[in-house]
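Numbering (full-length UniProt numbering), first residue to last: 1 to 219. Note that CB positions come from ideal geometry on N, CA and C, so glycine has one too. Written out below as structure tokens is the structure these notes cover.
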Amino acid sequence: MSERKHDPQGLSFVDEMRAASMKLHPKNLAKEGEKEPEGPAVSEWEPSVSGFLQFLVDSKLVYDTFEAIIREDAYYVELRNTGLERSEKLAEDLEWFKDQKRTIPEPSDRGHSHARYLEQISDKDPQAFICHFYNVYFAHSAGGPIIGRMVSAKILDNKELEFYKWDGVLSQLLQNVRSKLNKIASGWSRDEKDHCLEETEISFKYSKEILRLIQSRAG
1 MSERKHDPQG LSFVDEMRAA SMKLHPKNLA KEGEKEPEGP AVSEWEPSVS
51 GFLQFLVDSK LVYDTFEAII REDAYYVELR NTGLERSEKL AEDLEWFKDQ
101 KRTIPEPSDR GHSHARYLEQ ISDKDPQAFI CHFYNVYFAH SAGGPIIGRM
151 VSAKILDNKE LEFYKWDGVL SQLLQNVRSK LNKIASGWSR DEKDHCLEET
201 EISFKYSKEI LRLIQSRAG
């Protein structure tokens, strides 16, 4: 059982989620990340087109799953149409790759594994689902463009991908979602909040596995 029983003074619950995630974010992908990078800096990555395509396909499966659950489950109504949705943007990028005569792979076990897990927890464990939602969408908004620019410069002739663009002012979209997440969490007990925070490491594990596809040569 968690030892924390009271909300940290002056912190919203999203602040708590952010603090938990920063402990696991590598310093080279987040300004306030606290974790030492496990591998080379992003600028030193050696992406492959096949690996990056697999990353996009697996990412799309995960975002498709998030967005279908949110669309269909009334518990997550606050998270509909936030402007952070990525499925349509990824579909546009994959269509561009098709136009470049690239073969689009099927999702790998990594994408399927995260998608299945999200489906399992969405109904029985909303606190865990919210943790994954926060970490996937907010991490992409922060570190995603850094990765996107690197990949584009190295292997895509500086093509600007839609996955790394948002309609509207991103900072405002994020602030709106922070408010919605705080509203959802306002009805949780302290133990439920702590359970959500404790899911952070699992969320990172799934995301890290998919991110590693960028440098793979398979496919």
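Beta bridge counterpart(s) of residue 26 as assigned by DSSP
35
Taking the straight line between their C-alpha atoms, what separation do you get for residue 70 and residue 89?
17 Å
Please look up how many angstroms separate the CB atoms of residue 26 and residue 215, rounded, as I've assumed it's under 8 Å.
Actually they do not touch by this definition, with Cβ atoms about 15 Å apart.
Ignoring anything shorter than 4 residues, give me the alpha helix (DSSP H) runs that lie fully in the stretch 117-176, in order along the chain.
126-155
Measure the Cβ-Cβ separation of residue 133 and residue 79 and say whether it is below 8 Å.
yes
Roughly how many whole angstroms lie between the Cα atoms of residue 174 and residue 139?
11 Å
Secondary structure of residue 54, DSSP reduced to three states:
helix
So residue 93 and residue 162 are supposed to be a Cβ contact under 8 Å. How far apart are they, rounded?
5 Å
With a CB to CB cut of under 6 Å and the five nearest residues on each side skipped, what residues in its chain are close to residue 178?
14
Rounded C-alpha distance that separates residue 147 from residue 209
15 Å
Just confirm the distance between the C-beta atoms of residue 166 and residue 83, as a whole number of angstroms; I'd bet it's less than 8 Å.
6 Å
What number of angstroms, rounded off, separates the C-alpha of residue 37 from the C-alpha of residue 77?
36 Å
I'd like the list of long-range same chain contacts for residue 64, defined as Cβ closer than 8 Å, with 5 residues on each side in sequence excluded.
87, 115
Which residues in the same chain have their Cβ closer than 6 Å to the Cβ of residue 199, if we skip the five residues on either side of it in sequence?
128, 131
I think residue 192 touches residue 24, with their Cβ atoms under 8 Å apart; what is that distance to the nearest whole Å?
Incorrect: roughly 21 Å between the Cβ atoms, too far for contact.
Report the option in 142, 52, 99, 196 whose CA atom is closest to the CA atom of residue 122.
196
Where residue 67 and residue 157 are concerned, what is the direct C-alpha to C-alpha distance, given to the nearest angstrom?
31 Å
Can you find the residues in the same chain that come closer than 8 Å, C-beta to C-beta, to residue 207, ignoring five residues on each side of it along the sequence?
114, 135, 136, 139
Kindly give me the distance between the Cβ atoms of residue 213 and residue 54, rounded to whole angstroms, as I take these residues to be in contact under 8 Å.
5 Å
Contact under 8 Å by Cβ, residue 52 with residue 155:
yes
Contact under 8 Å by Cβ, residue 62 with residue 150
no
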